[in-house]
Structures are given as C-alpha cells and as structure tokens.
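For reference, the structure discussed in these notes is given below.
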Amino acid sequence: FLEGTSRSPDAMPLMLVDYQGRPMAGELPGSVTTTEWQSAVATAMREKKPHLRVFSPGGRPSLVMAFPVIYPYTRDAIGAMVGVVDLDAQFHRRAAGLTEGQGVDLMLGDQVLESIVAGSGPHSAASGQALALPQDMQRHFPTTVQLPLEPPLSNGALGIRLYGMENPWFGP
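If you're matching positions, the sequence shown starts at 1 in the working numbering and goes up one per residue.
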C-alpha cells in the first residue's frame, strides 16, 4: 500500500510504526526530525485518537499527523500511521496568484509562521523562502480565515490572514 502511494508526485509521505514507535514501512522527509513525529505518535497512541501538530523544522512549517492503529478486540493502540504535509510548499503554491499590493500570512494561533507579499523580493512566493513579515509592519484591512481541521491541532489554530500592503483610502 505505502509503495503504491509514494509513486505519485503529489503523494503525502506516510510511515507505519509499531507499538514502540519503530518504523515498519514507509518513510518521512528528512526535514521532520524523529523527535517531532515520535512525540505525535506517542500522544496519539496514549490517547487512542488522532494527533495533529505543526512543527517548523528549519523555519519551514509542516503538519505532522499521527493516527493510532487500534486492535479491535482489545482496543489497544498497536501502532500508528504518520503523515506529513509540507505547509510551506502548499502555502507558496497557492499564494503565487496574489495580485500586486496584496499579502498573506500563514498563522498558528496569533503567531505568523510565514508571510508572502505579491511581487518580487524575499517575501514573494517565487523566492521559496520561509520568512515572516515583522509584526509591526502595516497590514491594511486584514481578514483572517481559520482552517478547520478535525481533530484540531494540538498547538493552536491554523489560519490564513489576507491583507493589503497599501491603504486604498490614501492616494499619491
């Protein structure tokens, strides 16, 4: 199963682990450390329910998801399926369509994980860099949309904040 899913270019990296958190099949990208996914697996197996958490290895946000494998006769967690979504890549791909004068932040609670501003420069979608605009930088008419995930993230709500870089009420 895991071999078949990994052949697709859009496939999410998956790994199956045993009851002690040891990898059995599949693999995760090297950008996600063992400590990060193992903590998600331990929580999912202890609570016997899925566990989602955002990590930012190297400043690039990723969503780590751990789903416990439950043995039906005893209801014990006998392993877990772990997956990783590269939020940085998804964010850059979708923000590439911003029009001039617009910006967007990827948010985790009140924290800005990264920002993309239309145009060129270090904060453009084409730069491929994971940078956050300073909090004190003016953002005009911001609108925040929470991204509903079920179960919710354990370390805050994921959201997108769209804004203008220039105030339309003031002309040149």
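We put the beta carbon where it would ideally sit given N, CA and C, even for glycine.
Alpha-carbon to alpha-carbon, residue j and residue i
i	j	result
V32	A89	14 Å
T35	R161	30 Å
G181	V69	Outside the modelled stretch of the chain, which goes from 1 to 172, sits residue 181, for which no answer is possible.
G21	A80	8 Å
V82	N167	44 Å
F55	T144	21 Å
P105	M24	Per the sequence presented here, residue 105 reads as Asp, with Pro not at that position. C-alpha separation (whole angstroms): 37 Å.
W37	G109	21 Å
Y19	A77	7 Å
A42	G26	18 Å
P134	P72	50 Å
F1	S39	Residue placement at F1 cannot be trusted, given a pLDDT of 49 that sits under 50; what the coordinates show is reported in the next sentence. So the two alpha carbons sit approximately 25 Å from each other.
Residue nearest to residue i in terms of C-alpha spacing, selected from the options
i	options	result
F91	V117, Y71, A66	V117
L112	D86, G59, G101, T99	In the sequence as presented, Leu is not what sits at residue 112; that position holds Val. Of the listed residues, the one whose Cα sits closest to V112 is G59.
Q138	S115, L108, A42	S115
F67	V17, D136, A96, F141	V17
S62	L131, D136, L87, T99	L87
F141	R93, W169, A132	W169
Residues bridged to residue i [DSSP beta-bridge criterion]
i	result
I116	V104
A77	I70
R161	D105, T144
D18	G79
Beta-carbon spacing of residue i, residue j below 8 Å
i	j	result
G119	G164	no
Q146	G156	no
M45	L28	no
P151	K49	yes
S154	R53	yes
V64	M12	no
Minimum length 3: unbroken beta strand (DSSP E) runs contained in the segment 32-60: 51-55
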